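Protein chains: 2
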Amino acid sequence: MVTLKQVAARAGVSIKTVSRIVNDDAAVNAKTREQVQRHLQSLNYIPNNAARQMRGGASTIFGLMTDAVATTPYSVDIVRGAQAALRENQQTLLIASSDGEPDREAELWRMFRAHRVAGVVYAAMFHRSHDVGQPAFDKSIVLANCFASYNDRPSIIPDDEMGGYTQAKYLLQRGHRRIGIVTLIPELEATRLRGQGMRRAFAEAGVAFDDALEVRGVHGALGSEFLVAYDVTREILSRPNRPTAIICGTDQLAMQVYFAAGSLGLTIPDDLSVIGFDDLRLISETLYPQLTTVALPYYEIGRRAVEVMNRPEAETSLSLQKQLVPCLLIERNSCKPLA
Amino acid sequence: MVTLKQVAARAGVSIKTVSRIVNDDAAVNAKTREQVQRHLQSLNYIPNNAARQMRGGASTIFGLMTDAVATTPYSVDIVRGAQAALRENQQTLLIASSDGEPDREAELWRMFRAHRVAGVVYAAMFHRSHDVGQPAFDKSIVLANCFASYNDRPSIIPDDEMGGYTQAKYLLQRGHRRIGIVTLIPELEATRLRGQGMRRAFAEAGVAFDDALEVRGVHGALGSEFLVAYDVTREILSRPNRPTAIICGTDQLAMQVYFAAGSLGLTIPDDLSVIGFDDLRLISETLYPQLTTVALPYYEIGRRAVEVMNRPEAETSLSLQKQLVPCLLIERNSCKPLA
DNA sequence: ACCGCGATTGACAACGTTGTCAAAAAATGA
DNA sequence: TCATTTTTTGACAACGTTGTCAATCGCGGT
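Top line first, the protein sequences correspond to chains F and S. Per numbering that gives the first Met the number 0: the first sequence = residues 0 to 338. Per numbering that gives the first Met the number 0: the second sequence = residues 0 to 338.
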């Protein structure tokens, strides 16, 4: 690799002068600058980051650690969002995934510290609580899609309560009263919050919430789930007074709801309205008819996480500790007002 | 951050001695070692990678550049595979995405060079041809999911020809003769190769290939596609002598085929067999009945890409220039032998 | 010609690490 | 005991960069 020294030798000036030009630093004679620049070009000089960092400058590398569960592929949008924010400042991302193993996670922290990263985003693939056991890490840590149980770290999470509220309100406003709910695993923070939001919407609309219409669409422990949405949906749709709409915990569940409805001869949205969650475009835009859903703002979460990290500590006031990112409605064709 | 110097001062030995212990290098007196180790622990020393690298050691950072189109979320498995391979050697990954912009791509190459990465994996989100315009880069570059048109770089790609062959053979072996094909955009390398593979399977089985049953399931240019699989499938299923099975270019297309079949009162797999491609678990395992499909080996592609990069140049013989990774059949419940 | 000034340039140290080589200490053999 | 070998340790340089400070240059004013 070409070094300043080599360029300096070729150009017949001192190392420092070349350095100045590279960083377009202090005043350099226009003529010299031009000369040297030519050599920089022709030798294809690129500054050595390691040397720069060692010299004491702020590191431009950030770390991103995920607990990577491959079942939620769109969560990588967190990474994309983070990269977009980093890009603005010419920073880069060292990424690694712990696969959920604590040993591996400790190893990664060491690795990040070895690289002297300027900060770390810890991104969970499910909205959940997570305690980063790294008091030794002196740089900023921001949690994305998860939060510390002691609330002692800034964290960026989706506003699931609002998401549930939005789902319910959308259907209630369109006249639906008997609304089925196919939920995710109750252990998930998301499930709890969304249920809360739905109940708030029902209360606001003055409609009684019918617990009997709320069923689990997923069974099994986290990590080894299996879907039962097809069966349970058939069941609630076969009841005497069947619901006119169904709220789903995931677009994936919505997919099974579509099939269950089809198997009973019900057409969406004419006979049944369906609303999803996540906006996995792969599904929501492919379903027929396309799915009205509430988007999980992964991209925005990643973006904000980096933004918070780049902000001077001072600004990271208490009010920013836990940032909620809105979950917005994406209207497509799977819902219909009740005549 | 704690340095060797600080540890040395505390332990009352020279910097070099501490260095030796950190790298459990030459012979060090057992007693000294133990003493110093205690201080290393208590001060929580972690070697500074930048300094190490500057000293001349091989860089442990690799670069991964993607052209990130968010529509194929599972392609991130390439990243996961790469990380798995890296992990074995304590190496790490600097990732960045060009978003398909050449300017941005050039910028990223500079960035990778600035960090003196030991090699770069260029991963495309679609199997396609790509020419890395970086002759200046002296480290190894491996293409993943894409290949150089001059074939001058090692590249790891899915064996799409075999994939298409597998799809067709699977159905032919089960007695299907009239087989519909819902394809991707013809511009894709994958489309061409799979078609080739299918024709090979038909020829081997002595069955005439009916071009009339091959239809496009996607319209529009790359990047702004829209699905028409639902409509075209309904069309071919409405013909007098309708196909008994359908081969899909994607699980996503298969999803629409399911809905098209349902809309005509056809049950899968009893009235129609369907076979997909990609094995997007989000879809293939959620469809009802679950989808038999051919897996795109993204994870393996990523793993091998790093493996090739870590191999000394010598071994990268010509035979390795273009590595095909097999696309294996994942058997589920969407196909049925013809009675 | 001389002085002083600003503009331009360069010598040198330092960042944290490790390879090289020599010095010091300990162990061995006579 | 002393010479010799072996083990253990440390001084120093170097990697590529930039901050500090001093040196040099050009030029206008006296």
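C-beta atoms are modelled at their ideal positions from N, C-alpha and C, and glycine is treated no differently. Here the structure is a predicted model, which is why all the values come from computation and not from measurement.
Below-7 Å beta-carbon distance, residue i vs any chain F residue
| i | result |
| --- | --- |
| S/Pro101 | no |
| S/Val75 | yes |
| S/Met197 | no |
| S/Leu93 | yes |
| S/Phe258 | yes |
| S/Tyr229 | yes |
| S/Gln52 | yes |
| S/Gln36 | no |
8 Å Cβ cut-off: residues of chain F touching residue i
| i | result |
| --- | --- |
| S/Ala113 | Ile45, Pro46, Asn47 and Asn48 |
| S/Gln172 | The contacting residues do not exist; S/Gln172 stays about 28 Å from chain F at best. |
Interface flag, residue i vs chain S, CB-CB below 7 Å
| i | result |
| --- | --- |
| F/Tyr287 | yes |
| F/Leu265 | no |
| F/Gly301 | no |
| F/Gly132 | no |
| F/Gly219 | no |
| F/Gly261 | yes |
Candidates the options, of which the one nearest residue i by Cα
| i | options | result |
| --- | --- | --- |
| S/Asn47 | F/Val116, F/Ser154 and F/Ser262 | F/Val116 |
| F/Leu171 | F/Lys321, F/Gly216, F/Ala294 and F/Lys335 | F/Lys335 |
| S/Ile360 | S/Asn309, S/Thr291, S/Asn88 and S/Met64 | There is no way to answer for residue 360 of chain S, as the model of chain S reaches only from 0 to 338. |
| S/Ala220 | S/Ala228, S/Leu187, S/Leu39 and S/Gln251 | S/Leu187 |
| S/Arg54 | F/Arg109, F/Arg32, F/Ala50 and F/Pro242 | F/Ala50 |
| S/Leu39 | S/Ala29, S/Val17, S/Leu337 and S/Val27 | S/Val17 |
| S/Ile94 | S/Glu100, S/Phe61, S/Asn28 and S/Thr243 | S/Phe61 |
| F/Asp230 | F/Arg173, F/Gly301, F/Gly261 and F/Phe201 | F/Gly261 |
| F/Ala113 | F/Leu263, F/Phe136 and F/Ser154 | F/Phe136 |
| F/Ala122 | F/Arg19, F/Leu236 and F/Gly301 | F/Gly301 |
| S/Pro157 | S/Leu337, S/Asn332, S/Ala338 and S/Val324 | S/Val324 |
| S/Arg173 | S/Arg241, S/Pro268, S/Ala8 and S/Ser139 | S/Pro268 |
| F/Ala57 | F/Gln322, F/Asn309 and F/Ser13 | F/Asn309 |
| S/Ala147 | S/Asp130, S/Thr59, S/Pro72 and S/Ile155 | S/Asp130 |
Residue i classed as buried or exposed, judged by whether at least 16 other C-beta atoms fall within 10 angstroms
| i | result |
| --- | --- |
| F/Arg37 | exposed |
| S/Asp277 | buried |
| F/Arg238 | exposed |
| S/Asn43 | exposed |
| S/Gln82 | buried |
| F/Gly216 | buried |
| S/Leu251 | According to the sequence shown, residue 251 of chain S is Gln rather than Leu. S/Gln251 should be labelled buried. |
| F/Tyr297 | buried |
| F/Met0 | exposed |
| S/Lys168 | buried |
| F/Glu299 | buried |
| F/Gln166 | buried |
| S/Ala105 | exposed |
| S/Tyr149 | exposed |
| S/Leu337 | exposed |
| S/Thr182 | buried |
| S/Pro185 | exposed |
| S/Ser304 | Here residue 304 of chain S is Ala; the residue named in the question, Ser, does not match the sequence. Its Cβ being crowded by 16 or more others within 10 Å, S/Ala304 is buried. |
Listed by chain order, chain S residues near residue i by CB distance under 8 Å
| i | result |
| --- | --- |
| F/Ser96 | Arg79 and Gln82 |
| F/Gln251 | Leu281 and Thr285 |
Closer than 9 Å at the beta carbon, the chain F residues around residue i
| i | result |
| --- | --- |
| S/Leu279 | Pro72 and Leu281 |
| S/Gln255 | Thr285, Leu286 and Tyr287 |
| S/Leu328 | None at all; the shortest Cβ gap to chain F is about 20 Å. |
| S/Leu3 | Near S/Leu3 there are no residues of chain F at all, since even the closest Cβ is about 13 Å away, more than 9 Å. |
| S/Met0 | Arg112, Arg115 and Asp137 |
Chain S residues whose Cβ lies nearer than 7 Å to that of residue i
| i | result |
| --- | --- |
| F/Ala67 | Arg79 |
| F/Arg109 | Ile45 |
| F/Leu226 | Thr285 |
**Prompt:** Can you find at least 3 beta carbon pairs, one from the segment 154-174 of chain F and one from the segment 187-195 of chain F, that sit closer than 8 Å?
**Reply:** Look at the beta carbons and you see the segment 154-174 of chain F touching the segment 187-195 of chain F: at least three pairs across the two are nearer than 8 Å.
**Asked** Does the segment 326-333 of chain S come close enough to the segment 285-292 of chain S to have 3 or more Cβ pairs within less than 8 Å?
**Response** As far as the Cβ criterion goes, the segment 326-333 of chain S touches the segment 285-292 of chain S, which means the pair count is three or higher.
**Request:** Determine, using beta-carbon pairs with one atom in the segment 199-216 of chain F and one in the segment 177-184 of chain F, whether at least three such pairs fall under 8 Å.
**Result:** These segments touch.
**Prompt:** Do three or more CB pairs link the segment 266-286 of chain S to the segment 239-249 of chain S at distances below 8 Å?
**Reply:** Three or more pairs of CB atoms, one per stretch, sit closer than 8 Å, so the segment 266-286 of chain S contacts the segment 239-249 of chain S.
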